[in-house]
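Okay, structure first, notes after.
2 protein chains.
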Amino acid sequence: MAEIRQNSRDFLPEPALRRLPWYLAYVNLLSARAVDYVSSTQIAKALSIDASQIAKDLSFLNIKGKTRIGYEVASLKSELEYFLGFGEQHNAVMVGVGSLGAALIRDTGLSHYGLNIVAGFDISPEVVGTSINGVPIYDISELETRRPRLKAEIGIVAVPIESAQETADQLVASGIKALWNFTPFRIRVAADIVIQNTSIYSHLAVMYNRLGLVAQQD
Amino acid sequence: MAEIRQNSRDFLPEPALRRLPWYLAYVNLLSARAVDYVSSTQIAKALSIDASQIAKDLSFLNIKGKTRIGYEVASLKSELEYFLGFGEQHNAVMVGVGSLGAALIRDTGLSHYGLNIVAGFDISPEVVGTSINGVPIYDISELETRRPRLKAEIGIVAVPIESAQETADQLVASGIKALWNFTPFRIRVAADIVIQNTSIYSHLAVMYNRLGLVAQQD
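Top to bottom, those sequences are chains D and S. Per the numbering used here, the very first residue in the first sequence carries number 2; after that it's consecutive. Per the numbering used here, the very first residue in the second sequence carries number 2; after that it's consecutive.
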């Protein structure tokens, strides 16, 4: 059974993977409301996503909906959590403990989604040697020796843009397998390194631009 | 001139708008290194983006590159900043001052990208009446009366998923024109409301899944 599950994870394309958290959020809502069953049509209506798309996305999971009843909410919730990896703990190190890096370490909500920030690294003598929410901050020069002991496979990049590429290279050299880039800099990595860019600045740019257009219409 | 600029903002499609911050980050880097000119070929090489794509994206801006020299770095930087709206201040209110909301208020880096969080709103008596980094936290019931005086057009949603849709509706009712959704819930709004979803949980899901595949190969 474990093997089938592990294999089935392989087949999930990124767009589907990106939609699953929406379904989980909705299913959590239903669970809190003590709803027992939900159909893909209901999910489609609630989330404004095509029902056939939802049925297709959910077909990657090890769960079958019943005709005219739909999916059992509790099973769907646990399958989605399993599939998304939110139920497991994934160790991560934060590089750059400035304003954003420190904020992310303080955001305990991330631990509910399986992210366990075990250490921070920085160059500033002001933060090196301190701790934030119990997370120790080390000098960046200690990354290579400490990373394996920390059992961290994810490196979060929250440094100034000038240091983004160098930081990414250091993280990869230390054995990190996945990079979560919070800088607006487009980091380049080898094909075997997982990279996700959380482009908060792009989102701001789109909002400002569209708001400007709204203002023009008024 | 102002009119031409304002008009030219209209034409920018979202994918192009999402790439511009990458160019700005790179141009900032060049500026710090006292580089005077840059070609789209150079940008393409540094960012691993097709050069013709870059030239096309930059053609939306009011800047012309010179043959064999390229773009003037200082002009490109200021045009990108203008175009992205990072040089202006955009007032925003934060709804939900829990772990993530408070962290975002503390992230002073956002102000360098034109975001000015002027107030927080929450339901918890523990935070209402306090302030974070000088930003006052009010009761959510005061949103409708306070929003116009705060001159905020952007509402940041950082509440639990159960309250995400209701919060969005309240923000829109109070006169907010753009929503920045940090919850994993898929919020529905009328077509004239700008919405941007920063899906940090989707990014985590993609990383965990791909890391699982790497582990399988080992």
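We put the beta carbon where it would ideally sit given N, CA and C, even for glycine.
Selection from the options that minimises the alpha carbon distance to residue i
i, options, result
"S/N198", "D/L85, D/R187, D/E167, D/R19", "D/R19"
"S/V36", "S/A45, S/Q171, S/S53, S/S76", "S/S76"
"S/I157", "S/Q54, S/E73, S/N117", "S/N117"
"S/I188", "S/G213, S/I162, S/W23", "S/I162"
"D/I55", "D/E82, D/L31, D/P22", "D/P22"
"D/I133", "D/H113, D/Y114, D/G97, D/T184", "D/G97"
"D/Y114", "D/V129, D/E82, D/L105", "D/E82"
"D/G176", "D/R150, D/N29, D/R34", "D/R150"
"D/V173", "D/A191, D/F186, D/S53", "D/A191"
"S/E143", "S/I155, S/G135, S/F122", "S/F122"
"S/F61", "S/I44, S/G110, S/F84, S/Y24", "S/F84"
"S/N182", "S/R69, S/G102, S/G110", "S/G102"
"S/P137", "S/D170, S/S49, S/M95, S/G110", "S/M95"
"S/Q166", "D/M208, D/A17, D/A26, D/P14", "D/A26"
"S/R211", "D/S41, D/D193, D/R211, D/V207", "D/D193"
"S/P126", "S/A120, S/G135, S/Y139", "S/Y139"
"D/T120", "D/S112, D/A104, D/P14, D/R148", "One point to set straight first is that residue 120 of chain D is Ala, not Thr, in the sequence displayed. Checked all of D/S112, D/A104, D/P14, D/R148; the closest Cα to D/A120 is D/R148."
"D/V195", "D/F87, D/E154, D/A159, D/S164", "D/E154"
"S/H91", "S/L31, S/N63, S/L180", "S/L180"
"D/I1", "D/G135, D/I124, D/V128", "Lying outside 2 to 219, the shown extent of chain D, residue 1 of chain D is not represented and no answer is given."
"S/K152", "S/P16, S/L48, S/A93, S/V39", "S/A93"
"D/S49", "D/N63, D/I64, D/Y24, D/G86", "D/Y24"
"D/G110", "S/P16, S/Y202, S/G213", "S/Y202"
"S/L105", "S/A159, S/A17, S/V74", "S/A159"
"D/L59", "D/P16, D/S200, D/V128", "D/P16"
For residue i, the first and last residue of its enclosing beta strand (DSSP E)
i, result
"S/N63", "Careful: S/N63 lies outside any beta strand (DSSP E) and carries neither H nor E."
Residues that DSSP places opposite residue i in a beta bridge
i, result
"S/V94", "S/A120, S/G156"
"S/Y72", "S/V39"
"S/I138", "S/G121"
"D/K67", "D/G71"
"S/S132", "S/P137"
Residue i: first and last residue of the uninterrupted alpha helix (DSSP H) it sits in
i, result
"D/D37", "From DSSP, D/D37 is part of no alpha helix (DSSP H); its letter is neither H nor E."
"S/G102", "100-107"
Burial state of residue i, where buried means 16 or more other Cβ atoms lie within 10 Å
i, result
"S/K57", "exposed"
"S/H204", "buried"
"D/K178", "buried"
"S/Q218", "Note that S/Q218 has pLDDT 48, beneath the 50 cutoff, so the model's placement of it is unreliable and the number below is only indicative. So S/Q218 counts as exposed."
"D/K223", "Absent from the model: residue 223 of chain D. The displayed extent of chain D is 2 to 219, so no value can be given."
"S/P185", "buried"
"D/E89", "exposed"
"S/R69", "exposed"
"D/K67", "exposed"
"D/G130", "exposed"
"S/S53", "exposed"
"D/M2", "At D/M2 the pLDDT is 38, less than 50, meaning the model places this residue with poor confidence; the figure from the coordinates comes in the next sentence. Exposed: under 16 other Cβ atoms inside 10 Å."
"D/T42", "exposed"
"D/A33", "exposed"
"S/V207", "buried"
"D/P14", "exposed"
"D/D170", "exposed"
"S/D108", "buried"
"D/K78", "buried"
"S/T146", "exposed"
"S/N29", "buried"
"D/S112", "exposed"
"S/G86", "buried"
Near the ligand ZN: residue i beta-carbon under 7 Å from a heavy atom
i, result
"S/Y38", "By its list of ligands, the structure shown contains no ligand whatsoever, and the ligand ZN lies outside what it can speak to."
Inside the segment 140-210 of chain D only - alpha helix (DSSP H) runs reaching at least 4 residues: 144-151, 162-174
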